[in-house]
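Protein chains in written order, with the numbering used here: chain A, 31 to 295; chain B, 69 to 300. Here is the structure we will look at, set down as structure tokens.
Next comes the structure, spelled out in structure tokens:
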């Protein structure tokens, strides 16, 4: 407790570098533990649909579930997404700033649901028309408005483009950058901690105080950060644990280096 | 090189008192600058040793060497491990925490290994501060204190750690003569009653000549005199 107590005292004495050290330590642990989430965040495949699609506004009087079921059975239809009237009116409500009140009033009287139908990539124009025609017949001419078929934009990315690189290595880049920042904060706070420990060593019968304070402090941060992360996502990866142990040992090794002529800042 | 095994071979000085430090041809240089040259010195337990010399003569380097903050580039440094001597320092730049009060700086020396409780430490602290005449200034922040007060705080901080050896680097530089004499009386009391070994570096040879003890005079890193003050 003596060393942990002094770790917190040192954090209070050197607030900026101490705060940065705590933040980067906890962020590094969180990032390492949630590496898959970071990878998913930078993944290009989850960004948008890659299929041609068309939208339709359908009167709420229609049986939406039956329409969805029947449309899904059609060859060439990959997916059917329905937004019910409540959701559509919410989205219209969000446009209040841009539209004047008369337009909004007329729109609020319309009781439509929105349907998005995704088609397979290889589908011909003739088949697209047949699918639209089938949907019109299911709902009825007067109760439906159909848009043109839209093809999603295709962007050709080179292997070295930032998007592709982040898609492939984004998690490693983030953890790498965080590791460098953590190590820098470690050195910065370590300098203050060494000076602080120097006084304790000089006036109390204790040795290697700096290393002991740092070891207790970093252990506390790692255990705390790891426990919190485990509470929210209880999965432990060997590689991640090994990485954190290596980081822990490396920082201790740097700390154990003997300093000659330490000066108090 | 530090050799802690010397006590197996030679555990006492010529006078029969056990030695604490022994320098055997110690040379220290920082780059091309030689701070100490081939110094031979033995410090015995319970001794009062004044290290004199001009600025840059190597006094602080000698004290840092004895405190094991630096190592000799050549020669040997022996510390008697059997004595298990705790060494406290009064630094030339004092090394006080400027944003803390004088009292907070003194509490750095509170070691539960040597004090039964905080009350005992507080009692000793009050006594020492009273003896040096600054017991009413303990709440003052160090950055607002004058040079003399800072020096007294640094000295009391060192004494509160109950050391067996005290290394004081220019402890009276910012003190008037009266305060300097009072400080020496306190150190003398600790020396006589508690067998405290005092190593006191000062450029003011006239001042230290008035006190009983051994003098070591340094000149450009060379030890040129070692003996009692009366013969200098």
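Using N, Cα and C, we set each Cβ at its ideal position, and we do this for glycine too. What you are looking at is a predicted structure, and each value in this text was computed from that prediction instead of being measured.
Does the distance from the CB of residue 243 (chain B) to the CB of residue 255 (chain B) come in under 9 Å? Working through the second chain from its first residue, we reach residue 243 (chain B) at position 175. Working through the second chain from its first residue, we reach residue 255 (chain B) at position 187. Their beta carbons are not under 9 Å apart, which means residue 243 (chain B) does not touch residue 255 (chain B) by this criterion.
Given residue 88 (chain B) as reference, the closest of B:154, B:294, B:174 once Cα atoms are compared: Along the second chain, one-based indexing puts residue 88 (chain B) at 20. Comparing Cα-Cα distances from residue 88 (chain B) to each of B:154, B:294, B:174, the minimum goes to B:154.
Any idea what DSSP makes of residue 137 (chain B), helix, strand or coil? Along the second chain, one-based indexing puts residue 137 (chain B) at 69. Coil, per DSSP.
Short of 8 Å in beta carbon distance, which residues of its chain neighbour residue 264 (chain B), apart from the five on each side in sequence? Order them along the chain. In the second chain, the residue the question calls residue 264 (chain B) occupies position 196. So the qualifying residues of the chain are 114, 231, 232, 233, 234, 255, 258.
Name the residue from B:116, B:137, B:130 whose alpha carbon lies nearest to the alpha carbon of residue 102 (chain B). Looking up residue 102 (chain B) in the second chain gives position 34. For residue 102 (chain B), the nearest C-alpha among the options comes from B:130.
Can you name the residues of chain A whose CB is closer than 7 Å to the CB of residue 59 (chain B)? No answer is possible for residue 59 (chain B): the residues shown for chain B start at 69 and end at 300.
Classification of residue 150 (chain A) by the beta-carbon crowding that lies within 10 angstroms, buried from 16 upward: Counting from one through the first chain, the residue named residue 150 (chain A) turns up at place 120. That one is exposed.
How would you list, in chain order, the residues of chain B whose beta-carbon sits under 8 Å from the beta-carbon of residue 224 (chain A)? The residue you call residue 224 (chain A) lines up with position 194 of the first chain. Within chain B, no residue comes near residue 224 (chain A); the closest Cβ sits about 13 Å away, beyond 8 Å.
I'd like the span of the alpha helix (DSSP H) that includes residue 274 (chain B), first residue to last. In the second chain, residue 274 (chain B) corresponds to position 206, counting from 1. Segment 273 to 276, the alpha helix (DSSP H) holding residue 274 (chain B).
So if DSSP puts residue 235 (chain B) in a beta bridge, which residue, or which two residues, is it bridged to? Within the second chain, the letter at position 167 stands for residue 235 (chain B). In DSSP, residue 235 (chain B) forms a bridge with B:157, B:267.
Stretch-stretch touch, CB-based, cutoff 8 Å, three pairs: the stretch 103 to 112 of chain A with the stretch 146 to 165 of chain A: yes
Counting only beta-carbon atoms, is residue 43 (chain A) nearer than 9 Å to chain B? Reading the first chain from its first residue, position 13 is the one you call residue 43 (chain A). Taking Cβ atoms only, chain B reaches closer than 9 Å to residue 43 (chain A), which makes this a yes.
Name the DSSP beta bridge partners of residue 112 (chain B), please? One-based indexing of the second chain puts residue 112 (chain B) at position 44. Bridge partners of residue 112 (chain B): B:87.
Using a Cβ cut-off of 9 Å (strictly closer), state whether residue 230 (chain A) contacts chain B. Taking the first chain and counting its residues from 1, the one referred to as residue 230 (chain A) is at position 200. Yes, because at least one Cβ of chain B sits closer than 9 Å to the Cβ of residue 230 (chain A).
Decide yes or no for the touch test of the stretch 248 to 268 of chain A against the stretch 59 to 72 of chain A: beta carbon pairs closer than 8 Å, at least 3 of them. yes
Based on Cα-Cα distance, which residue from A:53, A:33, A:45 lies nearest to residue 254 (chain A)? Here residue 254 (chain A) is taken as the residue at index 224 of the first chain, counted from 1. The shortest Cα separation from residue 254 (chain A) among A:53, A:33, A:45 belongs to A:53.
Pull up the distance between the alpha-carbon of residue 272 (chain B) and that of residue 240 (chain B), whole angstroms please. As a working mapping, residue 272 (chain B) is identified with position 204 in the second chain. As a working mapping, residue 240 (chain B) is identified with position 172 in the second chain. Residue 272 (chain B) and residue 240 (chain B): Cα-Cα distance of roughly 9 Å.
Show which residues of chain A have a CB atom less than 8 Å away from the CB atom of residue 226 (chain B). Within the second chain, the letter at position 158 stands for residue 226 (chain B). Result: 233.
The stretch 171 to 181 of chain A contacting the stretch 35 to 43 of chain A, beta-carbon criterion three pairs below 8 Å: no
Unbroken stretches of the beta strand (DSSP E), 3 residues or longer, contained in the stretch 154 to 224 of chain A: 174 to 176
At a Cβ cut of 7 Å, what residues of the stretch 231 to 254 of chain B count as close to chain A, listed as they run along the chain? none
Give the DSSP bridge partners of residue 95 (chain B), in chain order. Walking along the second chain from the start, residue 95 (chain B) turns up at place 27. BP columns for residue 95 (chain B) point to B:142.
Helix, strand or coil: how does DSSP classify residue 179 (chain B) here? Stepping through the second chain from its first residue, residue 179 (chain B) is reached at position 111. Three-state result, residue 179 (chain B): coil.
With a threshold of 7 Å on Cβ separation, who are the neighbours of residue 285 (chain A) within its own chain once the five nearest residues in sequence on each side are excluded? Translated into positions along the first chain, residue 285 (chain A) becomes position 255. 220, 240, 241, 244.
If you run the structure through DSSP and keep just helix, strand and coil, what is residue 281 (chain B)? Your numbering for residue 281 (chain B) matches position 213 in the second chain. In this structure, residue 281 (chain B) counts as coil in the three-state DSSP scheme.
When burial is assigned at 16 or more other CB atoms within 10 Å of the CB, is residue 109 (chain B) buried or exposed? The sequence position of residue 109 (chain B) within the second chain is 41, counting from 1. Residue 109 (chain B) comes out buried.
Thinking C-beta only, is residue 55 (chain A) closer than 9 Å to residue 252 (chain A)? For the purposes of this step, residue 252 (chain A) is identified with residue 222 of the first chain, where counting begins at 1. For the purposes of this step, residue 55 (chain A) is identified with residue 25 of the first chain, where counting begins at 1. Cβ distance < 9 Å, so residue 252 (chain A) and residue 55 (chain A) count as in contact.
At which residue ranges does the stretch 185 to 212 of chain B contain complete alpha helix (DSSP H) runs of 4 or more residues, listed in the order of the chain? 186 to 199
Residue 293 (chain A) classed as buried or exposed, judged by whether at least 16 other C-beta atoms fall within 10 angstroms: Residue 293 (chain A) sits at position 263 when you count from the first residue of the first chain. In this predicted model, residue 293 (chain A) has a pLDDT of only 41, less than 50, meaning its place in the structure is not dependable enough to derive any value.
Compare the C-beta of residue 163 (chain B) with all C-beta atoms of chain A and state if any pair is closer than 9 Å. What you label residue 163 (chain B) is simply residue 95 of the second chain in a count that begins at 1. Yes, its Cβ sits closer than 9 Å to a Cβ of chain A.
Excluding five sequence neighbours on each side, which residues of the same chain lie with their C-beta closer than 8 Å to the C-beta of residue 275 (chain B)? Within the second chain, the letter at position 207 stands for residue 275 (chain B). Only 240, 245, 248 meet the Cβ criterion.
Does the beta carbon of residue 209 (chain B) sit closer than 9 Å to a beta carbon anywhere in chain A? What you label residue 209 (chain B) is simply residue 141 of the second chain in a count that begins at 1. So, not an interface residue.
Quick one: list the residues of chain A neighbouring residue 192 (chain B), beta-carbon separation under 7 Å, in chain order. By 1-based counting over the second chain, the position of residue 192 (chain B) is 124. Those within 7 Å of residue 192 (chain B) in chain A number zero; the least Cβ separation is about 13 Å.
Among residues of its own chain, excluding the 5 on either side of residue 97 (chain A), which ones have a beta-carbon nearer than 6 Å to its beta-carbon? Position 67 of the first chain, counting from 1, holds the residue named residue 97 (chain A). Once the five neighbours on either side are set aside, the close Cβ partners of residue 97 (chain A) are 168.
From the beta carbon of residue 157 (chain B), is the nearest beta carbon of chain A less than 9 Å away? Residue mapping note: residue 157 (chain B) aligns to position 89 of the second chain, counting from 1. Cβ-Cβ to chain A under 9 Å: yes for residue 157 (chain B).
My output table needs one value for residue 44 (chain A): the three-state DSSP class, helix, strand or coil. Residue numbering aside, residue 44 (chain A) sits at position 14 when the first chain is read from its first letter. Residue state, collapsed to three classes: coil.
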